[in-house]
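The sequence shown begins at 397 in my numbering and counts up one residue at a time.
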Amino acid sequence: MAKVIQEREKCVGCGACAAICPKYWEMSGDGKSRLKGSNVVEGKHVLVLEDVECNKDAANACPVKCIMVEE
């Protein structure tokens, strides 16, 4: 299992993650990205997946590095 973690408060709303990986990311009304289906754990948005799929590309594209992937 893998984890995708977002520190949403650091998000600057560039939209790169949503463009690269729309299956898991979307832009919300406040202008920041949202990790679809995630749960908030200790202030971070966390999604557990079988396969990280395009989330590694989303993490690499994030200019403020608020997305992390743990395999």
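Every residue gets a Cβ at the ideal spot worked out from N, C-alpha and C, and that includes glycine.
Per-residue burial, residue i [other beta carbons within 10 Å of its own, 16 or more giving buried]
i, result
"A454", "buried"
"V448", "buried"
"N435", "exposed"
"N456", "exposed"
"A415", "exposed"
Nearest neighbour of residue i, chosen from the options [CA to CA]
i, options, result
"M423", "V436, V437, V408", "V408"
"S429", "V460, M397, E467, E466", "V460"
"K406", "I416, K440, C417, A398", "K440"
"Q402", "L443, E467, P418", "L443"
"G433", "L445, I416, G425", "L445"
"C462", "C410, A415, G425", "C410"
Beta-bridge partners of residue i, as assigned by DSSP
i, result
"A457", "According to DSSP, which records beta bridges pairwise, A457 is partnered with nothing at all."
Sub-8 Å separation of residue i and residue j beta-carbons
i, j, result
"K419", "C450", "yes"
Cβ neighbours of residue i in the same chain (closer than 7 Å, five flanking residues each side left out)
i, result
"C413", "W421, S429, A454, A457, C458, I463"
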